[in-house]
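The structure appears below as structure tokens.
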Amino acid sequence: MKRLLGAIDRGVEYGVAAIFAAMCLVGLLQVFNRFVLNRSLSWSEEFQIFCHIWIVFLAIPIAYRRGAHLSVESFSSMLPPAARRVFDVVIELLWIWFAVALAWLSWQVSEVAKLQGSPGLEIPMSYPYYGMVLGGAYLLLVVLRRLFRYAP
Numbered sequence: 002m003k004r005l006l007g008a009i010d011r012g013v014e015y016g017v018a019a020i021f022a023a024m025c026l027v028g029l030l031q032v033f034n035r036f037v038l039n040r041s042l043s044w045s046e047e048f049q050i051f052c053h054i055w056i057v058f059l060a061i062p063i064a065y066r067r068g069a070h071l072s073v074e075s076f077s078s079m080l081p082p083a084a085r086r087v088f089d090v091v092i093e094l095l096w097i098w099f100a101v102a103l104a105w106l107s108w109q110v111s112e113v114a115k116l117q118g119s120p121g122l123e124i125p126m127s128y129p130y131y132g133m134v135l136g137g138a139y140l141l142l143v144v145l146r147r148l149f150r151y152a153p
């Protein structure tokens, strides 16, 4: 199980890096086309925005897994070890609530957005929301993995 979760983590990190590389390449292509060829790509800005959405929502669980999100530990550090453990579990449960809400509500929005097309890329507007759905689902997986650390 540990190997599978590690493979998923690496896959998501490589995916985020690939999306970032694609976003940068399209940005450079747009600059080249605009200033050298005197032509503008009609879809490049929209593509970069969609990539940015995917990067942000897939990076939330990566940052969570690495402990890179901001947290105020002054209160929890004053608690005795048993109370701190309970406090940490409550925080993890709040993260689970957030992950489920993010995935579920993004899925609902993506279902409605299927009916609308994007003007530049001419793809369903649900595609950007799928990044939010996957980010929420992956966050749930990462939080559950950390929560099981607290199991006796």
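Each residue of the sequence shown is one higher than the one before, starting from 2 at the first, in the numbering used here.
Glycine is no exception: its CB is placed at the ideal position from the N, C-alpha and C atoms.
Kindly indicate which three-state DSSP category residue i falls into: helix, strand or coil?
| i | result |
| --- | --- |
| residue 125 | strand |
| residue 28 | helix |
| residue 133 | helix |
Cβ-heavy atom distance between residue i and the ligand HEM below 7 Å?
| i | result |
| --- | --- |
| residue 16 | This structure lacks the ligand HEM, and indeed carries no ligand of any kind. |
Does residue i have its Cβ less than 8 Å from a Cβ in chain B?
| i | result |
| --- | --- |
| residue 142 | You won't find chain B in this structure, because it holds only one protein chain. |
With the cut-off set at 8 Å, would you say residue i and residue j are in Cβ contact?
| i | j | result |
| --- | --- | --- |
| residue 21 | residue 122 | no |
| residue 143 | residue 65 | yes |
| residue 17 | residue 56 | yes |
| residue 148 | residue 101 | no |
| residue 43 | residue 34 | no |
| residue 110 | residue 130 | yes |
| residue 79 | residue 53 | no |
Do you know offhand how far residue i's Cα is from residue j's?
| i | j | result |
| --- | --- | --- |
| residue 108 | residue 134 | 6 Å |
| residue 117 | residue 74 | 44 Å |
| residue 126 | residue 115 | 6 Å |
| residue 51 | residue 30 | 17 Å |
| residue 1 | residue 146 | Residue 1 is absent from the structure shown; the chain starts at 2 and stops at 153. |
| residue 158 | residue 93 | The shown model of the chain, from 2 to 153, leaves out residue 158, and the question about it has no answer. |
| residue 11 | residue 87 | 30 Å |
| residue 27 | residue 46 | 9 Å |
| residue 98 | residue 104 | 10 Å |
| residue 89 | residue 132 | 28 Å |
| residue 81 | residue 19 | 44 Å |
| residue 15 | residue 9 | 10 Å |
| residue 3 | residue 71 | 26 Å |
| residue 36 | residue 106 | 41 Å |
| residue 67 | residue 38 | 43 Å |
| residue 150 | residue 69 | 18 Å |
Starting from the N-terminal side, write out each stretch of the alpha helix (DSSP H) that is 4 residues or longer and does not extend beyond the segment 38 to 118. 45 to 67, 75 to 78 and 82 to 114
Segment contact, 8 Å Cβ cut-off, at least three pairs: the segment 135 to 149 with the segment 50 to 65: yes
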